[in-house]
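Before any comments, here is the structure.
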Amino acid sequence: MPYTFNTPEDQQAMLDAIGAASIEELFAPIPSSLRLKRPLDIPAAMGELELTQHIQTLAAKNEHAGQKICFLGGGSYDHFVPAVVDAIASRGEFYTSYTPYQPEVSQGNLQVTFEYQTLICQLTGMDVSNASLYDGGSAAVEAALLCMSVTKRSRVVTTASVHPEYRQIIETYFTHLNAELVTVGSPDGVVSVEELANAVDDNTACVLLQQPNFFGCVEEAERVARIAHDRGALLVVSCDPISLGVMKRPGDAGADVVVAEGQSLGTPMQYGGPYLGIMACREQFVRRMPGRIAGQTVDRRGTRCWVLTLQTREQHIRREKATSNICTNQGLFALRAAIYLSALGPQGLREVSELCLQKAHYAIEQIVADDRFELAFPQPVFKEFVIRDTKGKVAEVLAECHELGILAGIPLAKWYPDLADCFLVTVTEKRTKHEIDQLADSLTRASVTDSVVSV
Amino acid sequence: MNPDELLFAETHEWAKVVDEDGAKVATVGISAFAVEQLTDLVYMELPSVGTAVEAGREFGEVESVKAVSPLYSPVTGEIIAVNTSLPDSLETLNADPYNAGWIIKVKLTNESSLAKLLDYAAYQKQCAEEG
Amino acid sequence: MRNTRATQPIFELSKPGRRATRFPRPDVPARPIEDLLPEHCRAAAPPPLPELTEPDVVRHFTNLSTLNMSVDTHFYPLGSCTMKHNPKRNERLANLPGIADLHPYQPDETVQGLLQLLYELQDMFAEISGLPAVSLQPAAGAHGELTALMVAAAYFDDLGEKRTKVLVPDSAHGTNPASARMAGFDAVTIKSDPRGLVDLDDLRSKLDEQVGVFMITNPSTLGIFDDQVAEIADRVHKEGGLIYLDGANMNAILGIARPGDFGADMMHYNPHKTFSGPHGGGGPGAGPICVTDKLGPYLPSPVVCQRDGRFALDYERAKSIGRVRAFFGNVGVLVRAYCYIRTHGPDGLRRASENAVLNANYLLSRVKHFLPVPHGERCMHEFVATASELKKTKGISAMDIAKRLLDFGYHAPTVYFPLTVSESMMIEPTESESKETLDAFAEALFRITDEAADLLHEAPHTTPISRPNEVQAARNPVLKWTSC
């Protein structure tokens, strides 16, 4: 067997010590009527070589971001991961350990968590961070629950420009809770501030804003913060960590809770997960924050050290009264984010942020040079933007680009029926001028081919 | 205050009822026994002035490192004062649970629950059985 | 060997102007940032992150790693967490570019290999559980619980039934009642009987038409298979309720018994436990759930389906509860679980469970003479010993023993859980440990119970730090580094 030690002699010796005649006897507590009386109907075992070849064959059927030029985003991004991230995160002492229940032999993980929390506070401009949640979407819903718990109010106002899947998660969670989700329109690519002001009432726990938003556009976060605060509501900002090299930190723009998808900070896309849910908040809410938190203290000899703290918030103590049911964190990806941010530093983050910004704007210019394509929303953008195909043939255009080796964008029809003629394009620092030119060329070629066919 | 002058709930809170301007007002805290049992308190969550409390219902929480204990009101009424300095000086609960360690003051709206409270001797007997 | 100069907080190593990662200048014509971003959203300066060189970063984190115990380096019998070997092949395969570098919104036709893998995994999870409908979406075990309870709530809504209660045994993991609450149910605790099993009388008194779900962990957190499970399921089903199985302890019964065959309507797996996805210092996990056919329509969307020989994500599911997570799910963890299952096959999975149970029983037989195991002479994949006698006679607590074990080079068992046993130590050796290791561990435990109480109160003595002051940490929380 692959990972077991016991030889037949070992097994016999162990059974003798136990006083059992057979391994079968150890399973006697399971009544025969409840047993499976046949082998599992799953494929036969594979050795490492066969398995490797099998998975390689499956992997070869996928077109990955190293083969196709990837302009896809929408919450998962093809950013550059420095080698130092992989090198350190693949150390078994990190990835084969678990939650630091014994702090004396977990100082590595605890200190990393404490450093991660500090880095996230520096990045977002907030007072306190937890040790991470599942992903950006679960962080958004947990933030909404936190705000409801703090304010004792039950209404959450969000905008159509917040990630549609994040909003879907909140809807699912709210189905069985006494809570209401109100979505304000974003007709020009950003939230209608007037409509938002009308939607926020005295029962509103928080406004959930995304910055830059799902369409890549920049929201007026400070204005939204004032609207929320005027009614005693809190502001939750879901941000793109990479944007914070050039954009104002949510904490400096009035946010009370900041959440983010931390995948951009050194984690591969992996078809959607596992990722890193970032959550930080103002100090006064820390005892309502879900998830684990590391804190600094001293040991009996007075040595500075770290422990999990404020544990009474958590489910293993508070059970049904806990702030959340969340148990695991994403320790491995918090580690990756800590390494990534340490490696980049302020200047590196500034550079990657500026590269995204400059390249996205170059891409817009190249794409809209073809009259068929236009920028859907006249708003400032960071690294993503929405392109409208004035001929309304998004599926055909994207398929044509795919033929030419480019994953050009995400069609928006699935979430926004009135944007069926639009697709979302993302440009990270990894996309070269040459690749962007290829994208623009392919779109143009797609548009020419399409005209020929339609004539 | 001397514990002999106080009334105790089975859940370890104490109350001292006095007349203030024609109304009955109870000062509420937790017993020395409870403080000792809870060990190493780290946090306390208190209600705000104006909150209605009901005998036997939770009005706040105290936390030690790995446990949360609800505080149950021994009386029914409206909170008129809260010892807001207490959460920042939890050691007061150990040093002086029956005076400086008071938690809330409640203007009583119903006195019937007072009959269920124990005097100090009866409460000490209960503690001896628990301890 | 640890270098303490490198393990001070990374912020204290920072020096302005240092840097590990540099990016190229833009290869596109650059425009002034003021032209691209309005003033209201522009940062005056980048965030005040530390400034370090690559050697700084490498040395710092590498040295920190040496302060952890891990499965790769130590025996880690942390009960209920199934700290088994994490196969290196799984790591390499999950990191292949054809898997790690896929974007979640790529068209289905560009990810056929991955969808095939996930489709096959759905089938294998269904077969192992005996529950045919599968969602791979939940991100962790607790998330799986919550998702399944939402599925149950949607099912009852559809039937027009108002069921408000979820029954949870007192020995259950704390996530169970917390999840019940988040799914809109009231959690009602069911007592354990003297054997550590569900107290049927207490169940009888609390079971009515208000009960939606009974959540059972079987094998239980005490490492015992509750042989009343079929009867419990029968009673709950007769009242119209559903049985949820917390699959935390599936490592005991792979290929031996299936939750779907012993009455469960829903369950989650913890692939990071049972199927060896590494624990990552706290996560990631995954929490795939399996349910009966009648509950299948309510599972989150999308699921992977097969149509005309092609694999696709199916969103056309009218009764679905919706989404519980963005994108598809924790694919990286699921790929490792797939690799684990394919490495073992039907015989291998069964052998893994047999050896996990054999190892646990062997260790129990060695330990019970000096550390009583209140619930039974035999166990499944783990057992719960108690130090309550030692506490009374010598003043030695479970925590003292746990701390002293660290000095002997072992990670401690889970202590003070389950809550139903005082001074409890929950020990789970897993199948991927040798008799030699178990013998040495039992020997160490025996020596410890014979040691002077004072020595134990001060343990551990040889670890990088001694016992931390948790009271100070909670009273005056310092949750981030500050320069002073």
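Residue numbers (this note's numbering), protein chains in the order written: chain Y, 1 to 455; chain U, 456 to 586; chain B, 587 to 1070. Beta carbons: idealized from backbone N, C-alpha and C, even for Gly.
Buried or exposed by the 16-neighbour rule on C-beta atoms within 10 Å, applied to residue i
{"i": "V455/Y", "result": "Because V455/Y carries a pLDDT of 40, less than 50, the predicted location of this residue cannot be relied on, and no value is offered for it."}
{"i": "A28/Y", "result": "exposed"}
{"i": "Y166/Y", "result": "buried"}
{"i": "Q32/Y", "result": "With the sequence shown as reference, residue 32/Y is identified as Ser, and Gln is not the correct amino acid for it. Classification of S32/Y: exposed, given that the 10 Å Cβ count is below 16."}
{"i": "H1047/B", "result": "exposed"}
{"i": "V483/U", "result": "buried"}
{"i": "A898/B", "result": "buried"}
{"i": "G19/Y", "result": "exposed"}
{"i": "E491/U", "result": "exposed"}
{"i": "L701/B", "result": "buried"}
Strand pairing of residue i, partner residues [DSSP]
{"i": "V182/Y", "result": "V157/Y"}
{"i": "G532/U", "result": "V508/U and L563/U"}
{"i": "Y527/U", "result": "E513/U"}
{"i": "I1013/B", "result": "L664/B and F969/B"}
{"i": "L209/Y", "result": "V237/Y"}
{"i": "I776/B", "result": "P755/B"}
{"i": "G295/Y", "result": "V307/Y"}
{"i": "S353/Y", "result": "None, per the DSSP bridge assignment."}
{"i": "D832/B", "result": "T803/B and H854/B"}
{"i": "K479/U", "result": "D474/U"}
Length of the line joining the Cα atoms of residue i and residue j
{"i": "F214/Y", "j": "G272/Y", "result": "16 Å"}
{"i": "L58/Y", "j": "L682/B", "result": "10 Å"}
{"i": "G727/B", "j": "P874/B", "result": "8 Å"}
{"i": "R588/B", "j": "T652/B", "result": "7 Å"}
{"i": "S503/U", "j": "A255/Y", "result": "26 Å"}
{"i": "L707/B", "j": "Y924/B", "result": "6 Å"}
{"i": "Y578/U", "j": "R287/Y", "result": "34 Å"}
{"i": "A221/Y", "j": "D476/U", "result": "52 Å"}
{"i": "T607/B", "j": "E640/B", "result": "8 Å"}
{"i": "R292/Y", "j": "E625/B", "result": "36 Å"}
{"i": "C401/Y", "j": "V890/B", "result": "26 Å"}
{"i": "A719/B", "j": "H854/B", "result": "12 Å"}
{"i": "V877/B", "j": "L717/B", "result": "5 Å"}
{"i": "D1071/B", "j": "V81/Y", "result": "Because chain B is modelled from 587 through 1070, residue 1071/B falls outside the range shown and cannot be assessed."}
{"i": "F811/B", "j": "L34/Y", "result": "11 Å"}
{"i": "P417/Y", "j": "F423/Y", "result": "12 Å"}
{"i": "G603/B", "j": "P636/B", "result": "10 Å"}
{"i": "L407/Y", "j": "A60/Y", "result": "17 Å"}
{"i": "P103/Y", "j": "T1049/B", "result": "10 Å"}
{"i": "A819/B", "j": "A738/B", "result": "15 Å"}
Within chain Y, partners of residue i - CB distance below 9 Å
{"i": "P857/B", "result": "Chain Y residues near P857/B: none, gap ~11 Å exceeds 9 Å."}
{"i": "M853/B", "result": "Per Cβ cutoff of 9 Å: no residues; M853/B is ~15 Å from chain Y at best."}
{"i": "H626/B", "result": "V218, E220, A221, E222, R223, K248 and A253"}
{"i": "S721/B", "result": "In chain order: nothing, as chain Y lies at least about 12 Å away."}
Neighbouring residues, chain B, relative to residue i (Cβ below 9 Å)
{"i": "V490/U", "result": "The premise fails here: V490/U is roughly 14 Å from chain B at the closest Cβ pair, so nothing lies under 9 Å."}
{"i": "D551/U", "result": "Going along chain B, no residue has its Cβ under 9 Å from D551/U, so there is no contact; the nearest lies around 18 Å."}
{"i": "G405/Y", "result": "Ordered by position in chain B, no residue passes the 9 Å Cβ test against G405/Y, which lies about 11 Å from the chain."}
Cross-chain neighbours of residue i in chain Y, by beta carbon under 7 Å
{"i": "F848/B", "result": "L34"}
{"i": "L732/B", "result": "N325"}
{"i": "P636/B", "result": "S342 and G345"}
Contact set between residue i and chain U, taken where Cβ atoms lie within less than 8 Å
{"i": "R821/B", "result": "By Cβ distance, chain U contributes nothing, its closest Cβ being about 33 Å from R821/B, past 8 Å."}
Closer than 9 Å at the beta carbon, the chain D residues around residue i
{"i": "R1033/B", "result": "Among the protein chains of the structure shown, namely Y, U and B, there is no chain D."}
Contact set between residue i and chain U, taken where Cβ atoms lie within less than 7 Å
{"i": "V1057/B", "result": "D495, V497 and V520"}
Chain Y residues whose Cβ lies nearer than 8 Å to that of residue i
{"i": "D832/B", "result": "Under the 8 Å cutoff, chain Y gives no residues; its nearest Cβ is about 12 Å from D832/B."}
Chain B contact residues for residue i, given Cβ-Cβ distances below 7 Å
{"i": "E48/Y", "result": "R675"}
(request) Using a Cβ-Cβ cut-off of less than 9 Å, give me the residues of the segment 499-518 of chain U that come near chain Y, in sequence order. (result) The residues in question are E500, E516 and E518.
(request) With 9 Å as the limit, tell me which residues of the segment 986-1020 of chain B have their beta carbon closer than that to any beta carbon of chain U; keep them in chain order. (result) Considering only beta carbons, the part of the segment 986-1020 of chain B lying closer than 9 Å to chain U consists of Y1002, in chain order.
(request) Give the residues from the segment 163-193 of chain Y that approach chain B closer than 8 Å (Cβ to any Cβ), ordered along the chain. (result) Taking 8 Å as the Cβ-Cβ cut-off, the segment 163-193 of chain Y approaches chain B at H163, E165, Y166, Q168, I169, E171, T172, Y173, T175, H176 and L177, given in chain order.
(message) Residues of the segment 950-971 of chain B in Cβ contact with chain Y at a cutoff of 9 Å, in chain order, please.
(response) From the segment 950-971 of chain B, only L950, S951, R952, G962, E963, R964, C965 and M966 have a Cβ closer than 9 Å to chain Y.
(request) Output, in sequence order along the chain, the residues in the segment 1042-1069 of chain B whose CB is closer than 7 Å to any CB in chain U. (result) Listed in sequence order: E1056, V1057, A1060 and R1061.
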